[in-house]
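Q:
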Amino acid sequence: MVRTIKALEEELNIKLIRPEGGVVELTEIGAKVLPLITEIAQKHAKLLSVVTDYRKKEAEEAIKVTVVPGFANY
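The numbering used here puts the first residue of the sequence shown at 1442, with every later residue one more than the last.
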């Protein structure tokens, strides 16, 4: 989780959290973007769920085709 936050801080070029007396607190901008980050994370989880369900359904419905060698001259 710390890596994810650090990567996001680097990408956005802002500080989202700060250590404060042994406790980690959100910065002002961190508090403002937290609802957006939460929404994005929830939508990402939903996206993964939809894709996973689709792949399972696709695998279950797949038609397996067997190729039977043909003879040009009988």
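The beta carbon of each residue, even a glycine, is placed where N, CA and C say it ideally should be.
Mapping DSSP to helix, strand and coil, what is Leu1467?
A: Leu1467: strand per DSSP, three-state reduction.
Q: Is the distance from the Cβ of Leu1457 to the Cβ of Leu1467 below 8 Å?
A: Contact flag set, yes.
Q: Identify whether Pro1510 lies in helix, strand or coil by the three-state DSSP scheme.
A: coil
Q: From Thr1493, His1485, Val1491 and Val1443, pick the residue whose C-alpha is nearest to that of Pro1460; which is it?
A: Val1443
Q: Ile1458 lies in the beta strand (DSSP E); which residues open and close that run?
A: Ile1458 to Glu1461
Q: Using 8 Å for Cβ pairs, my map puts Ile1481 next to Ile1470. What's the rounded Cβ distance?
A: The pair is not a contact, with the Cβ atoms about 16 Å apart (cut-off 8 Å).
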